[in-house]
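Participant: Residue numbers (this note's numbering), protein chains in the order written: chain A, 8 to 299; chain B, 73 to 366. Don't be surprised by glycine CBs; every beta carbon is placed ideally from N, CA and C. In this text, all values refer to a predicted model and were calculated from it rather than measured experimentally.
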């Protein structure tokens with residue numbers, strides 16, 4: 008799966024301080040470290056950028072392009088900042104993101120057409136986040152139809168199913184898997200992506216990684232094209248590269264509906280098995296799921 | 073013929089026996105969903121009337137008047153609630169903790185009430201983690217062997233309270249804020265040293281019209297997980313503390329009659345969701361709920 012590194016994002020204190028102080032060094036370091044970690048795209052999340060949107064995005068894109076060759080994901084809700092970034096990217100960038108809301112159709116989506124860029128289009132619409140696979144499909148087909156009509160080809164569209172935190176809705180992940188499986192049939196040629204870390208939002212900090220790791224193996228199997236991830240989760244990058252086949256096998260067997268005998272497993276394998284059961288909704292989630 | 077259309081569930085809530093010899097009472101003990109007696113064994117429901125261990129100041133005037141003859145004596149109040157009003161359990165709230173009465177004195181008071189009545193007693197602290205952790209273990213010790221139900225036990229103070237309850241033979245109430253995932257989390261932690269069939273879950277409740285649907289859906293999901301999905305960590309009876317919530321509604325404050333209806337309607341709704349023990353403040357709503365059940 009294609010990995011998009013999420014670590015340059017405005018909620019991080021280091022990033023927000025470097026950005027507001029126009030201190031390029033820490034940001035360039037973060038970009039280079041992510042390249043080293045093995046991700047394929049770099050996400051630049053500058054938030055709503057209410058102050059100096061044009062200058063902020065241009066400054067960041069220029070500085071990052073100075074030190075890394077990976078393609079960039081421009082991540083802001085501010086269309087002025089977005090356009091500023093689009094005009095100077097050396098490689099075809101990815102807009103993160105547009106949606107099926109009226110506002111997004113009118114303001115964000117035309118930028119993708121104007122600059123011939125890639126664009127993330129989420130299943131969100133004016134009615135909110137659809138709750139199951141079928142309503143996600145319904146929403147995205149309508150939005151893709153609109154995107155096509157203004158000249159954005161399917162090849163440039165990266166569909167985002169939007170995944171809720173496991174503590175908010177455990178069954179939502181199963182709907183996402185089903186929806187990802189439907190995509191090639193309902194919208195041939197589109198790509199897909201997802202904000203992986205959102206699944207473990209609200210999970211105790213030291214346990215977030217294993218949830219994300221299990222989820223990427225399952226989503227990969229389901230056919231997801233890419234995911235926005237924590238680049239510095241080494242285990243996740245390794246699993247995504249097909250390393251640690253025994254762990255992957257355990258996760259895929261759970262995905263398959265199998266019950267396994269834990270007695271022969273190592274502690275690490277047990278943890279992945281238990282986590283896979285929680286992620287697949289076979290065991291009710293609780294913050295102490297590894298302790299049962 | 074009919075059997076082939078009925079669901080067989082794998083999960084089971086064990087019977088919870090409360091009270092000392094000669095005044096035992098049983099809650100729970102089901103292997104099916106609430107009121108699904110056509111599918112399996114339904115649990116035993118218990119109705120508690122609330123008694124305060126010091127004269128209540130925040131109860132509505134209607135209730136203060138109603139209990140005027142007994143409210144200054146917890147023993148007399150508890151006796152009347154059990155013998156005259158037919159409460160299955162006495163739900164004794166330790167409001168004297170607010171006045172920082174010494175723990176030994178509070179515990180002695182609990183013991184007097186438990187010995188005065190012919191039904192089991194549920195003892196409930198303030199829900200403040202430090203104060204409860206200081207007082208409830210003393211209650212557990214002083215009332216050793218009386219097989220009380222003691223709570224609330226929170227994630228932050230479960231070790232202090234639950235260990236004392238275990239040592240002295242009491243059951244406990246595990247309290248979490250309307251969240252099935254946190255209910256499971258606390259029970260997993262408790263289950264490491266406390267028998268889960270001696271734990272009652274209190275997922276908090278709201279009165280009808282004041283967020284009841286959240287309490288309802290949490291209880292319903294806990295029970296479905298326990299019975300239908302056989303989640304061993306959630307196979308505990310549920311308590312709904314209705315009285316306190318019902319009698320602070322605008323409706324109950326305006327009019328005693330409305331308060332009774334509010335309390336009964338809230339209680340009945342939560343019984344449908346899966347409550348096994350319901351606490352009430354007015355005997356008339358207790359009678360109404362019991363009448364509806366039969």
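1) What does the alpha-carbon distance come out to for the pair residue 290 of chain A and residue 83 of chain B?
2) Using DSSP with H/G/I as helix, E/B as strand and the rest coil, what is residue 326 of chain B?
3) Considering only residues of the same chain and omitting the five flanking positions on each side of residue 101 of chain A, which have a CB-CB separation below 6 Å?
4) Only counting runs of 4 or more residues, tell me where the alpha helix (DSSP H) segments fall wholly within the region 164-230 of chain B, in order along the chain.
5) In whole angstroms, what separates the C-alpha of residue 334 of chain B from that of residue 364 of chain B?
6) Which runs of the beta strand (DSSP E) spanning at least 3 residues fall entirely within the region 229-272 of chain A, listed in chain order?
7) Closer than 7 Å, CB to CB, is residue 141 of chain B near chain A or not?
8) Note the first and the last residue of the continuous beta strand (DSSP E) segment covering residue 10 of chain A.
9) Let's test the definition: count the other Cβ atoms within 10 Å of the Cβ of residue 381 of chain B and tell me whether it reaches 16, buried, or not, exposed.
10) Give the range of the beta strand (DSSP E) segment to which residue 313 of chain B is assigned.
11) Grab me the residues of residue 273 of chain B's own chain with a C-beta within less than 6 Å of its C-beta, minus the 5 sequence neighbours each way, in chain order.
12) What span of residues does the alpha helix (DSSP H) with residue 426 of chain B cover, start to end?
13) Which residue comes first and which comes last in the beta strand (DSSP E) that contains residue 83 of chain A?
14) Hey, which unbroken runs of the beta strand (DSSP E) at 3 residues or more fall wholly within the region 64-144 of chain A?
15) Return the bridge partner residues of residue 351 of chain B from the DSSP annotation.
16) Chain B beta carbons: is any one of them nearer than 7 Å to that of residue 218 of chain A?
17) Taking only the alpha-carbon atoms, compute the straight-line gap between residue 266 of chain B and residue 119 of chain B and give it to the nearest angstrom.
18) Name the chain B residues whose beta carbon is nearer than 7 Å to that of residue 174 of chain A?
19) Could you work out which residues of chain B lie near residue 298 of chain A, taking near to mean beta carbons separated by less than 7 Å?
20) By the 9 Å beta-carbon criterion, what residues does the region 294-310 of chain B contribute toward chain A?
21) Can you tell me where the beta strand (DSSP E) with residue 163 of chain A in it begins and where it stops?
22) Under a Cβ-count criterion, where at least 16 other Cβ atoms within 10 Å of its own Cβ denotes burial, should residue 41 of chain A be classed as buried or exposed?
23) Quick check: is the beta carbon of residue 257 of chain B nearer than 7 Å to any beta carbon in chain A?
24) Rounded to the nearest angstrom, what separates residue 183 of chain B and residue 315 of chain B at their Cα positions?
25) Hey, how far is the Cα of residue 106 of chain B from the Cα of residue 176 of chain A?
26) From residue 145 of chain B to residue 126 of chain B, what does the alpha carbon distance come to, in whole angstroms?
27) The alpha helix (DSSP H) that contains residue 247 of chain B, what's its start and end?
28) Taking all protein chains shown into account, do 16 or more other C-beta atoms lie within 10 angstroms of the C-beta of residue 170 of chain A, making it buried, or fewer, making it exposed?
29) Leaving out the 5 sequence neighbours to the left and right, which residues in its chain are closer than 8 Å to residue 267 of chain A when beta-carbon positions are compared?
30) Taking 8 Å as the cut-off, does the region 129-141 of chain A touch the region 220-233 of chain B (at least 3 CB pairs, one atom from each stretch)?
31) Below 7 Å CB to CB, which residues in the same chain sit around residue 14 of chain A once its five sequence neighbours on both sides are set aside?
32) For the region 266-294 of chain A, enumerate the residues whose C-beta is nearer than 8 Å to any C-beta of chain B, in chain order.
33) Quick one: what's got a C-beta closer than 8 Å to residue 136 of chain B's C-beta in the same chain, skipping five residues either side?
34) Helix, strand or coil: how does DSSP classify residue 95 of chain B here?
35) Report the three-state DSSP secondary structure of residue 263 of chain B (helix, strand or coil).
36) Please report the residue range of the alpha helix (DSSP H) in which residue 448 of chain B lies.
Facilitator: In this structure, then:
1) Position 283 of the first chain, counted from the first residue, corresponds to residue 290 of chain A. Position 11 of the second chain, counted from the first residue, corresponds to residue 83 of chain B. Going by C-alpha positions, residue 290 of chain A is about 14 Å away from residue 83 of chain B.
2) Residue 326 of chain B sits at position 254 when you count from the first residue of the second chain. Looking at residue 326 of chain B - three-state DSSP - the assignment turns out to be helix.
3) Residue 101 of chain A sits at position 94 when you count from the first residue of the first chain. Closer than 6 Å at Cβ, skipping near neighbours: 80 and 125.
4) Listed in chain order, they are 175-188 and 201-214.
5) For the purposes of this step, residue 334 of chain B is taken as residue 262 along the second chain, with counting starting at 1. For the purposes of this step, residue 364 of chain B is taken as residue 292 along the second chain, with counting starting at 1. Roughly 14 Å between the two C-alpha positions.
6) Fully enclosed beta strand (DSSP E) runs of no fewer than 3 residues occupy 233-236 of the region 229-272 of chain A, in order along the chain.
7) Taking the first residue of the second chain as position 1, residue 141 of chain B is located at position 69. By the rule that beta-carbons nearer than 7 Å mark a contact, residue 141 of chain B does not touch chain A.
8) Position 3 of the first chain, counting from 1, holds the residue named residue 10 of chain A. Note, residue 10 of chain A: beta strand (DSSP E), 9-16.
9) As displayed, chain B neither begins before 73 nor continues past 366, which places residue 381 of chain B out of reach and without an answer.
10) Here residue 313 of chain B corresponds to residue number 241 of the second chain, with the count starting at 1. Per DSSP, the unbroken beta strand (DSSP E) holding residue 313 of chain B starts and ends at 311-313.
11) On the second chain, residue 273 of chain B is found 201 positions in, with the first residue counted as 1. Hits under 6 Å: 246, 255, 308 and 310.
12) Chain B is shown only over 73 to 366; residue 426 of chain B falls outside these bounds and no answer can be derived.
13) Working through the first chain from its first residue, we reach residue 83 of chain A at position 76. Its beta strand (DSSP E) spans residues 79-83.
14) If only uninterrupted beta strand (DSSP E) runs of at least 3 residues are considered, those enclosed by the region 64-144 of chain A are 79-83, 101-107 and 125-132.
15) Translated into the one-based positions of the second chain, residue 351 of chain B becomes position 279. Residue 351 of chain B pairs with B/120 and B/313.
16) The residue given as residue 218 of chain A occupies position 211 in the first chain. By this cut-off, residue 218 of chain A is not an interface position.
17) As a first step, residue 266 of chain B is located in the second chain; it is residue number 194 there, counting from the start. As a first step, residue 119 of chain B is located in the second chain; it is residue number 47 there, counting from the start. CA-CA distance, residue 266 of chain B to residue 119 of chain B, rounds to 25 Å.
18) Within the first chain, the letter at position 167 stands for residue 174 of chain A. By Cβ distance, chain B contributes 253.
19) Against the first chain, residue 298 of chain A aligns to sequence position 291. Result: 260.
20) The residues in question are 297, 301, 303, 304, 305 and 306.
21) Your numbering for residue 163 of chain A matches position 156 in the first chain. Annotation for residue 163 of chain A: no beta strand (DSSP E) segment contains it, and DSSP assigns it neither H nor E.
22) Locating residue 41 of chain A in the first chain gives position 34, where the first residue counts as 1. Flag for residue 41 of chain A reads buried.
23) Start at 1 with the first residue of the second chain, and residue 257 of chain B comes out as number 185. Flagged as an interface residue toward chain A: residue 257 of chain B, by a C-beta distance shorter than 7 Å.
24) As a working mapping, residue 183 of chain B is identified with position 111 in the second chain. As a working mapping, residue 315 of chain B is identified with position 243 in the second chain. Put simply, the backbone Cα of residue 183 of chain B is about 23 Å away from that of residue 315 of chain B.
25) Position 34 of the second chain holds residue 106 of chain B. Position 169 of the first chain holds residue 176 of chain A. Cα to Cα, the separation comes out at about 24 Å.
26) The residue you call residue 145 of chain B lines up with position 73 of the second chain. The residue you call residue 126 of chain B lines up with position 54 of the second chain. Between the alpha carbons of residue 145 of chain B and residue 126 of chain B lies a gap of roughly 8 Å.
27) The residue you call residue 247 of chain B lines up with position 175 of the second chain. From DSSP, residue 247 of chain B is part of no alpha helix (DSSP H) but of the beta strand (DSSP E) over 243-247.
28) Numbered from 1 along the first chain, position 163 holds the residue referred to as residue 170 of chain A. With 16 or more Cβ atoms within 10 Å of its Cβ, residue 170 of chain A is classed as buried.
29) Residue numbering aside, residue 267 of chain A sits at position 260 when the first chain is read from its first letter. So the list reads 257, 260, 261 and 280, once near-sequence residues are dropped.
30) When Cβ pairs closer than 8 Å are counted between the two stretches, the region 220-233 of chain B is seen not to touch the region 129-141 of chain A, the count staying below three.
31) Taking the first residue of the first chain as position 1, residue 14 of chain A is located at position 7. When the five nearest sequence neighbours on each side are left out, the beta carbons in the same chain lying within less than 7 Å of the beta carbon of residue 14 of chain A are those of 37, 41, 237, 238 and 239, in order along the chain.
32) Listed in sequence order: 290, 291, 292, 293 and 294.
33) The residue given as residue 136 of chain B occupies position 64 in the second chain. Same-chain partners within the cutoff: 128 and 143.
34) Working through the second chain from its first residue, we reach residue 95 of chain B at position 23. Coil.
35) Translated into the one-based positions of the second chain, residue 263 of chain B becomes position 191. Correct three-state label for residue 263 of chain B: helix.
36) Chain B is shown only over 73 to 366; residue 448 of chain B falls outside these bounds and no answer can be derived.
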